[in-house]
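Numbering (the numbering used here), first residue to last: 31 to 753.
Each residue gets a CB set at the ideal place from its N, CA and C atoms; glycine is no exception.
No experiment lies behind these values; they were computed from the predicted model shown.
What follows is a short report on a single structure.
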Ligand code: ARG
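Written as structure tokens, this is what we have:
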């Protein structure tokens with residue numbers, strides 16, 4: 031008896047230790063076991079100080095920043111820290127060639143100098159478990175019926191729990207692949223202003239060469255402020271708005287860190303799929319990822335050619351380029367790591383265990399055979415879908431048409447559309463054409479259109495080509511094996527479309543009709559590949575596959591929890607862009623045989639990487655001077671007599687966590703998380719407990735940049751600095 035008890039206890043704690051730094055925990059459901067482990071690892075705060083529904087707590091300082099990042103409140107006047115790459119688009123949009131804040135950096139010397147943006151931020155008010163309500167309404171339903179009903183039920187709850195007047199928005203999140211449903215209630219604030227940013231050479235130091243890699247020397251931070259109306263309520267931008275008075279803000283510690291120190295990261299990880307099947311891993315490594323990488327290569331190459339030529343084009347394309355490049359490198363790295371660690375084989379092994387357990391259980395025994403069939407049915411169309419999304423729609427012109435002119439055609443040809451809906455579609459087309467033209471670089475877009483049309487011909491199965499398209503192309507422009515054919519065609523599309531011709535566009539808009547749209551060669555291109563081919567013939571297969579995948583995924587997770595009830599109690603749900611806490615430690619690592627990576631980088635490394643005038647490794651002259659003089663002030667690391675730039679921790683984060691606060695045992699800010707390491711780029715599908723690291727910018731470097739390099743003492747004075 032005693033022995034059994036002991037082994038049970040041991041296996042639980044072993045299992046737990048092995049997975050200690052893995053986990054994106056829901057603060058609401060932070061089990062006692064998880065909390066106890068945090069304390070054991072060094073946490074000094076009580077559970078109530080972390081998360082409390084009735085009074086202010088740490089969670090009130092953590093926000094959704096913009097569309098897909100995290101930010102944190104760091105002063106009593108609504109000051110926000112986030113990453114430079116999260117503020118990038120806003121900073122680029124506020125920049126002109128005369129006031130190039132992206133290139134030169136910017137610090138508001140007083141609140142009057144802060145720059146309005148179109149950004150919003152969201153505060154989490156509370157979380158409610160609505161699992162019972164959702165599950166009751168789904169009783170007995172499967173497949174498409176269940177899928178549709180679930181969407182309707184979630185939409186109804188979202189609506190019921192939202193309040194437009196109070197800017198309250200509720201979004202129910204499906205967790206554990208549809209085995210649990212939590213309603214997240216947010217309040218959205220619409221007046222967010224730029225307070226400061228370092229020059230791009232600092233904020234994006236190392237560029238795409240260093241991206242997703244350690245050792246790193248990027249000053250990836252930017253500063254914003256959230257405003258309210260004079261009554262303290264959320265509001266759109268207005269001159270008489272006032273800085274928000276937050277419920278909570280984070281103190282900043284410049285005491286420094288050492289290997290092994292406790293670290294926790296709060297924020298909004300966007301998505302993981304840790305229970306992806308071996309079939310899914312194979313689809314990623316064989317088809318989806320390589321297709322995306324190949325097509326993005328093309329887009330990036332043509333964009334960069336133009337950006338190099340002219341600083342105005344660089345500013346115009348910078349933000350779009352950065353986001354395409356970011357996931358280009360991610361998916362390339364993901365493929366390599368998935369293959370290197372044989373994640374397919376690991377998944378297979380686990381699935382075999384599951385299949386053995388499922389034998390004779392009616393609910394589960396056919397799950398894997400069915401799932402395999404579902405993948406087999408979809409796999410043959412997967413490449414085409416990628417070539418539409420990343421190739422055909424990789425042209426900004428085509429992407430504009432897809433988002434606004436296809437919907438416009440729809441309202442023009444469908445009977446019974448109201449005048450109001452028609453007007454809405456027309457206004458959207460007009461408004462977004464302006465935005466599109468503003469960002470459009472024709473030479474690169476033309477080349478993208480030509481090359482992606484060629485690659486589609488070469489790489490996608492012939493029987494999935496748009497009917498007649500390539501035959502006509504050959505007749506009118508030349509041999510399909512010849513690149514020049516596609517260039518001639520693309521040049522024709524660009525010179526003949528009305529989208530670049532104000533006079534013809536205005537005439538069309540004065541009296542919009544479907545026939546004119548359909549006669550436009552650019553519109554025609556997208557119709558051929560998208561509406562008439564992908565959407566009408568292949569999208570139904572994709573929808574079927576997606577639905578089946580969701581259904582089988584839900585059963586798989588339900589089964590896994592039944593199979594191992596002890597482990598089930600300590601499982602965390604996949605990331606769903608909902609608030610999570612991850613805890614771990616500052617930690618060095620060994621990326622490969624004979625190589626050791628220290629847990630911090632310093633200014634010494636900045637000087638080693640520095641290349642004057644380089645596209646990615648340049649730095650402000652003043653920064654070089656200050657570093658050479660070792661003018662680090664109170665931000666110096668005492669033990670190293672140097673300025674620490676970045677550090678790594680064992681925390682489990684992913685895209686969406688960008689800008690997240692890294693906190694020490696007392697809940698004080700010690701850094702901003704901004705990246706993951708190359709050796710663990712398979713982290714969305716499989717967590718590697720030895721190699722996974724989060725890359726952070728040290729808060730002392732952030733403050734040094736603001737203070738010594740930027741001279742913005744007004745910002746430093748606002749912070750609560752712990753020395
Ligand atoms: N890898 C970072 C992330 O996803 C983004 C870095 C942006 N920088 C860049 N060079 N594209 O959070």
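Here's the rule I'm using: 16 or more other beta-carbon atoms within 10 Å means buried, otherwise exposed. How should residue i be labelled?
i	result
residue 506	exposed
residue 129	exposed
residue 100	buried
residue 691	buried
residue 178	exposed
residue 570	exposed
residue 333	buried
residue 260	exposed
residue 694	buried
residue 459	buried
residue 669	exposed
residue 96	buried
residue 595	exposed
residue 381	buried
residue 543	exposed
residue 85	exposed
residue 57	buried
residue 375	exposed
residue 392	exposed
residue 369	exposed
residue 610	buried
Would you mind working out which of the options sits nearest residue i, comparing C-alpha positions?
i	options	result
residue 240	455, 409 and 706	706
residue 276	311, 297, 217 and 334	217
residue 161	151, 327 and 183	183
residue 659	634, 644 and 646	634
residue 466	180, 432, 454 and 212	432
residue 739	263, 725, 662 and 718	662
residue 3	651, 711, 604 and 697	The chain is shown from 31 up to 753; residue 3 falls before or after that span and cannot be answered.
residue 617	480, 640 and 287	287
residue 519	394, 498, 534 and 477	477
residue 310	210, 377 and 58	377
residue 321	301, 357 and 343	357
residue 330	734, 387, 131 and 352	352
residue 302	647, 54 and 728	54
With DSSP as the reference, label residue i as helix, strand or coil.
i	result
residue 156	strand
residue 161	helix
residue 354	helix
residue 318	helix
residue 283	strand
residue 398	helix
residue 38	Caution applies to residue 38, whose pLDDT of 33 falls short of 50 and renders its modelled position unreliable; the model cannot decide the point.
residue 31	Its pLDDT being 35, under 50, residue 31 is placed unreliably in this model, and the value from its coordinates should be taken loosely. Here residue 31 sits in coil by DSSP.
residue 349	helix
residue 583	helix
residue 291	coil
residue 47	Residue confidence is low: residue 47 scores 35 on pLDDT, short of 50, so the model does not pin down where it sits. Its coordinate-derived value is still stated next. It is helical.
residue 703	strand
residue 278	coil
residue 325	helix
residue 602	coil
At a threshold of 6 angstroms, does residue i count as lining the ligand ARG (C-beta to nearest heavy atom)?
i	result
residue 340	no
residue 355	yes
residue 242	yes
residue 327	no
residue 237	yes
residue 204	no
residue 705	yes
residue 115	yes
residue 685	yes
residue 688	yes
residue 537	no
residue 352	yes
### Query
What runs of the beta strand (DSSP E), each 3 residues or longer, lie entirely inside the stretch 173-249?
198-205, 210-219 and 221-227
#### Entry: alpha helix (DSSP H) runs contained entirely in the stretch 418-504, provided each spans 4 or more residues
426-430, 436-443, 449-469 and 472-489
### Query
What are the uninterrupted segments assigned as beta strand (DSSP E) that are 3 or more residues long and contained completely in the stretch 92-145, given in chain order?
92-95, 99-103 and 109-112
#### Entry: Secondary structure, alpha helix (DSSP H): runs of 4+ residues fully inside the stretch 625-679
633-639 and 651-658
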